[in-house]
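Engineer: Quick note: to get the working numbering, add 62 to the position in the sequence shown (first position is 1). My questions all concern the structure below.
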Amino acid sequence: MSIVATPGIAPPPEAEKQNGALVIGASSVGTMFEWYDFFLYGSLVANINTHFYSGVNETTGYILALATFAAGFIVRPFGALAFGRIGDIVGRKNTFLVTMIIMGIATFLVGLLPSAAF
């Protein structure tokens, strides 16, 4: 068995270290924002249940608000499996753009929902 090497210029080790630090930093900031969002929702769940689940008693509204909170944790692994596989096939950049477009459309559609007073 023989190994054929293609001639080329290897990137300098300093560039790889800087690129790795940039990726780690960007990932950390993104994760920090995501967990901050979960923290805010978890902290405000007592107020959220009275505004979004006003048609039920307080305990049921609280449980429904916490179930909404739990749905975010339950669905995340399935999204990671689906979009991780798609990212491996078509590329991470294209998959990231598709997920951002999906989130943007979903956010826009939430803005079009009528209020509870409607």
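All residues carry an ideal CB built from backbone N, CA and C; glycine is no exception.
According to the neighbour-count rule (16 or more other Cβ atoms, all chains shown, within 10 Å of its Cβ), is N81 buried or exposed?
Structural biologist: By one-based count along the sequence shown, residue 81 stands at place 19. So N81 counts as exposed.
Engineer: Is the region 124-140 touching the region 100-112, taking contact as three or more C-beta pairs under 8 angstroms?
Structural biologist: The region 124-140 vs the region 100-112: in contact.
Engineer: Using only the alpha-carbon positions, how far apart do Y124 and V137 sit?
Structural biologist: Numbered from 1 along the sequence shown, position 62 holds the residue referred to as residue 124. Numbered from 1 along the sequence shown, position 75 holds the residue referred to as residue 137. Each residue's alpha carbon lies about 20 angstroms from the other.
Engineer: For T112, which residues from the same chain have a beta carbon less than 8 angstroms from its beta carbon, with the 5 sequence-adjacent residues on both sides left out?
Structural biologist: Taking the first residue of the sequence shown as 1, we reach residue 112 at position 50. Excluding residues within five positions, the ones whose Cβ falls inside 8 angstroms are E120, G123.
Engineer: May I ask which residues mark the beginning and end of the alpha helix (DSSP H) holding G141?
Structural biologist: The residue labelled residue 141 in the question sits at position 79 within the sequence shown. G141 -> alpha helix (DSSP H) spans 120-152.
Engineer: Could you tell me how far apart the beta carbons of T157 and G166 are, in whole angstroms, since I believe they sit closer than 8 angstroms?
Structural biologist: The count along the sequence shown starts at 1 and reaches residue 157 at position 95. The count along the sequence shown starts at 1 and reaches residue 166 at position 104. Wrong, their Cβ atoms sit about 15 angstroms apart, outside the cutoff.
Engineer: Inspect the beta-carbon positions of T161 and F140 and report whether they are closer than 7 angstroms.
Structural biologist: By one-based count along the sequence shown, residue 161 stands at place 99. By one-based count along the sequence shown, residue 140 stands at place 78. No; because the gap between Cβ atoms is not below 7 angstroms, this pair is not in contact.
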